[in-house]
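Below is one structure, written out as structure tokens, with a few remarks after it.
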Amino acid sequence: MLRIFAGLALPGQIMSSLLATMGGIPGARWQSAEQLHLTLRFIGDVDRRVAEDIALALGQVSVPPITIALSGVGQFESRGRPNAVWAGVRPQAPLAALHRKIDQAVVRCGLPPEGRAYLPHVTLARMNAASGATDLFLETHAGLASPPFTLDHFILFESRLGHGGASYTPVERYPLRG
């Protein structure tokens, strides 16, 4: 089985600015530069044949290059406790359109559609029950912003879980054109 997802790699200067914000939450597992990305569609565990079908189907996705910027920070919660902090992106509409097209390609390969609402973001850290409060981090970085940057391709990644978190290996790269 392969654990895969479609995502966008970030430019080096954007990764550097995000890495500079990381800290201030005791016990948080901060993402490394290699882990920073913007997920378009988590696909999950599939066998190799289905992964190959998905890789071919994603080649049919057509949208123009996307220009976005970082905008603010937030957190996801589970059972009333923060489990991740993230950087937001704007505008969200072009990313949502790309997400829908990727989701449609995945569904054509026999998988169910995405069940969750899509919120474009870049995960900065993951927390567990022993992690400290996120309030100060969220306050300090509420105004996080970057200059606009253009993304001209998306990537099918393989994700491998390990003791230090997940590692991501690019499987296929797809140009954004349209």
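Residue numbers (my numbering): 2 to 179.
Glycine residues also receive a C-beta, built at the ideal position from the N, C-alpha and C atoms.
Fill in: Residue of Glu159, His164, Gly60 minimising C-alpha distance to Lys102
On the sequence shown, position 101 is the one that residue 102 refers to. Nearest option by C-alpha distance: Gly60.
Worksheet item: Going by C-alpha distance, which of Ser18, Leu9, Leu3 is nearest Pro148?
Response: Residue 148 sits at position 147 when you count from the first residue of the sequence shown. Of the candidates Ser18, Leu9, Leu3, the one whose C-alpha sits nearest the C-alpha of Pro148 is Ser18.
Discussion item. I'd like the ranges of any alpha helix (DSSP H) spanning at least 4 consecutive residues and lying wholly in the stretch 123-155.
Written reply: 136-141
Item to complete: Select from Gly24, Leu41, Ala34, Glu35 the residue whose C-alpha is nearest the C-alpha of Leu120.
Response: Walking along the sequence shown from the start, residue 120 turns up at place 119. Answer by Cα proximity: Leu41.
Fill in: Glu115 versus Ala29, Leu39, Gly45, Met2, residue with shortest Cα-Cα distance
Numbered from 1 along the sequence shown, position 114 holds the residue referred to as residue 115. Comparing Cα-Cα distances from Glu115 to each of Ala29, Leu39, Gly45, Met2, the minimum goes to Gly45.
Worksheet item: Are Glu173 and Leu152 close, meaning C-beta to C-beta below 8 angstroms?
Response: Reading the sequence shown from its first residue, position 172 is the one you call residue 173. Reading the sequence shown from its first residue, position 151 is the one you call residue 152. Result no, Cβ atoms of Glu173 and Leu152 do not sit closer than 8 angstroms.
Worksheet item: When burial is assigned at 16 or more other CB atoms within 10 Å of the CB, is Gly24 buried or exposed?
Response: One-based indexing of the sequence shown puts residue 24 at position 23. Exposed, since its Cβ has fewer than 16 Cβ neighbours within 10 Å.
Worksheet item: Bridge partners of Arg30, per DSSP?
Response: Start at 1 with the first residue of the sequence shown, and residue 30 comes out as number 29. Beta-bridge pairing links Arg30 to Arg127.
Worksheet item: Nearest to Ile69 by alpha carbon, out of Val51, Gly165, Gly133, Pro95?
Response: If you number the sequence shown from 1, residue 69 lands on position 68. Measuring from the Cα of Ile69, the nearest candidate turns out to be Pro95.
Discussion item. By alpha-carbon positions, which one of Gly8, Ile26, Gly13 ends up nearest to Asn129?
Written reply: Taking the sequence shown and counting its residues from 1, the one referred to as residue 129 is at position 128. Here the closest residue by C-alpha is Ile26.
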